[in-house]
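The structure appears right after this line, and notes come after that.
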Amino acid sequence: MSTKTGKYQVLARKYRPSKFSEVIGQEALVRVIGNSFKSGRIAQAFILTGVRGVGKTTTARLLAKGMNCIGRDGEGAITTEPCNVCIHCQAIAAGNHLDVLEMDAASRTGVNDIRELLETVHYQPNTARYKVYIIDEVHMLSKSAFNALLKTLEEPPEHVVFIFATTEIRMVPVTILSRCQRFDLRRIEPQTMTNHLNTIATKEGAEVDEDAMRLLVRAAEGSVRDGISLLDQSISFSSGKITAEITRNMLGLTDKGRILDLVELIFIGDAAGALEEFKSQYNDGADPQTILMDLAETIHFLSVVKINSQTLDDPTLSPEEKTRGQDLSSRLSFMVLHRAWQMLLKIIQELTYSPDQMMAAEMAMIRLTHAANLPTPLEIIEKLQKSASNQTSLEQSNIRDKAKSMDQSPEAKNRSSANVQNQSSQNIQPSEDVHPPIKQASKVEKTDEQPQVTKNATGENSQPQGVENNELVASVLEAFPEAKVISNNSGK
Ligand SMILES: [Zn+2]
């Protein structure tokens, strides 16, 4: 556990749950443990898994307390609400109970460490009901250490309970897992975390404004320990009310509103504006890499909102982020967002090798802004396909006009042929053959859907244009393979 500041440790300890009813966000776990304690059916081994800071170690100690608590009067039974005053509760809280042994497998991975720990496993507990062995980060044990542990787990003495905690459940052998009752500790939901931190802040007499609380909850990423420690840090960071600005400075975060400004400037293609905004964020203390990462995060956010607008219900989003997120996501196409994402990933990678991060990041702004002005590969393909089909239909209509003109009065014939000549001169590939046979022209009309036939009527000229376009389409598809997928899907 971090000891960055003395105060941090105090708050995190102060609000550590001392009974199961105080555990937040783990209702399923609390219910199952409550039931098994009530019925007296206690597993011989538990395994607790979940991301860091969701309360695995706390739960392990609570289990140890609950199984050994004797209550204020010394007559109490196993309980999910340990009294926290009896000798067992106090010794476990202080970490010096003779029958509750803790080992951190992250620092002691070897077979000898396990043998040492399990040396006394067959002796009765000194004073407690159960001998409890808590092994933290159990996945770090070596293969031989796991084997040594397995031997005891296969036939554990009745008075022994093992509690394992791990962040990497997949690295724990199945032979161990199959002998444990497993609990998956969930990340704390944003709303639950917000309520919890607000309660603590009120108890501590700290005033945290709504935006600051959103930033804290988001930074905690579902870890209640991180949430409390961040709240604690921001309390010591500020002398009065905790504002979003204080929290951002403390967390080294950029202003989401300003990142959205930057996204907007990039996508309207305003390179000068984007550069200026980027520089101003940099001058205000934001790190170039952080700004780019936040840009990528925003692109991801906009894409997800496009797919599912319920994403906007997230309570950690500010009202500004919600309205602007919805607006931007509706204005930008997936292709544009995909391209910006790809570019940002590359740029962020390049930034680590760049001798001057600021310079590289500025170039990145320019590249992104210019790319925003470019048509997407799909648009290029559509344009080319459209121009190819326009070309064909224009030529076909020329032929039809010419064919008609042969049956008309001399006057009309002249007008019509003038039209033909006008059109021909506007045509990119003017036809030289002014007198196609009627038979051929009618054949062309019948085969409207097959543009390649026009070559018979209008000579060889129309063919190279079509081929050229096809080649262009092919080369665009080669350069942007993702366009192929989208082009195919849109065709269906
Ligand atoms: Zn007790």
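Heads up, the sequence shown is in the working numbering, so the first residue is 861 and it goes up one at a time. Glycine residues also receive a C-beta, built at the ideal position from the N, C-alpha and C atoms. Given the structure is predicted, the values throughout are model-derived calculations rather than measurements.
Starting from residue i and walking both ways along the beta strand (DSSP E), at which residues does that stretch end?
i: residue 907; result: 905-909
i: residue 1021; result: 1020-1026
i: residue 962; result: 960-964
i: residue 892; result: Run containing residue 892: none in the beta strand (DSSP E); it sits in the alpha helix (DSSP H), 887-899.
i: residue 991; result: 991-996
Going by the C-beta, is residue i closer than 7 Å to any heavy atom of ligand 3?
i: residue 920; result: In the structure shown, ligand 3 is absent; the only ligands present are ligand 1.
Counting only the same chain and skipping the five closest in sequence on each side, list residues whose C-beta sits under 7 Å from that of residue i.
i: residue 1154; result: 1114 and 1119
i: residue 1002; result: 969, 970 and 971
i: residue 930; result: 936, 946 and 948
i: residue 1197; result: 1159, 1162 and 1163
i: residue 1359; result: Because the chain spans 861 through 1352 in this model, residue 1359 falls outside it and cannot be assessed.
i: residue 1064; result: 1095
i: residue 1033; result: 1006
i: residue 1278; result: For residue 1278, the predicted model reports a pLDDT of 45, less than 50, meaning its position is unreliable; a value from the coordinates is still stated below. Excluding sequence neighbours, residue 1278 sits near nothing in its chain.
i: residue 1111; result: 1075 and 1079
What does DSSP give as the partner residue(s) for residue i in the beta ladder?
i: residue 1043; result: 908
i: residue 1102; result: 1068
Would you kindly report the start and end of the unbroken alpha helix (DSSP H) that includes residue i?
i: residue 1124; result: 1116-1127
i: residue 1231; result: 1217-1233
i: residue 1087; result: 1084-1097
i: residue 924; result: 916-928
i: residue 1140; result: 1131-1143
i: residue 932; result: Here residue 932 belongs to no alpha helix (DSSP H), and DSSP marks it neither H nor E.
i: residue 1004; result: 1003-1014
i: residue 1056; result: 1050-1063
i: residue 980; result: Per DSSP, residue 980 belongs to no alpha helix (DSSP H) and is neither H nor E.
i: residue 808; result: Any question about residue 808 goes unanswered here, given that the chain covers just 861 to 1352.
i: residue 1035; result: 1034-1037
Which same chain residues end up closer than 6 Å to residue i when comparing Cβ atoms and leaving out the 5 residues on each side of it in sequence?
i: residue 967; result: none
i: residue 1024; result: 907, 995 and 998
i: residue 878; result: 944
i: residue 1050; result: 1077, 1175 and 1176
i: residue 1358; result: Nothing about residue 1358 can be reported from this structure: the residues present for the chain run from 861 to 1352 only.
i: residue 1041; result: 903 and 906
i: residue 958; result: 986
i: residue 925; result: 942, 949 and 952
i: residue 873; result: none
i: residue 1056; result: 884
i: residue 1146; result: 1114
i: residue 909; result: 1026, 1029 and 1044
i: residue 1048; result: 885, 1082 and 1084
i: residue 919; result: 908
Who are the Cβ neighbours of residue i in its own chain at under 8 Å, not counting the five residues just before and after it?
i: residue 975; result: 1008
i: residue 1052; result: 884 and 885
i: residue 1123; result: 1155, 1158, 1159, 1162 and 1188
i: residue 1037; result: 907 and 1029
i: residue 880; result: 890, 893, 894, 922, 926, 940 and 941
i: residue 1243; result: 1235
i: residue 1170; result: none
i: residue 978; result: 993, 1008, 1009 and 1012
i: residue 1106; result: 1072, 1094, 1097 and 1098
Distance cutoff 8 Å, beta carbons only. Does residue i sit that close to anything in chain C?
i: residue 1103; result: No chain C appears in this structure, which consists of one protein chain only.
So which residues touch the region around ligand 1, with touch meaning a C-beta under 5 Å from any heavy atom? Counting only residues whose CB is nearer than 5 Å to a non-hydrogen atom of ligand 1, the list in chain order is 929, 942, 943, 946 and 949.
Runs of alpha helix (DSSP H) lying entirely within the segment 1150-1198, each at least 4 residues, in chain order: With a minimum length of 4 residues, the continuous alpha helix (DSSP H) runs that stay inside the segment 1150-1198 are 1179-1191.
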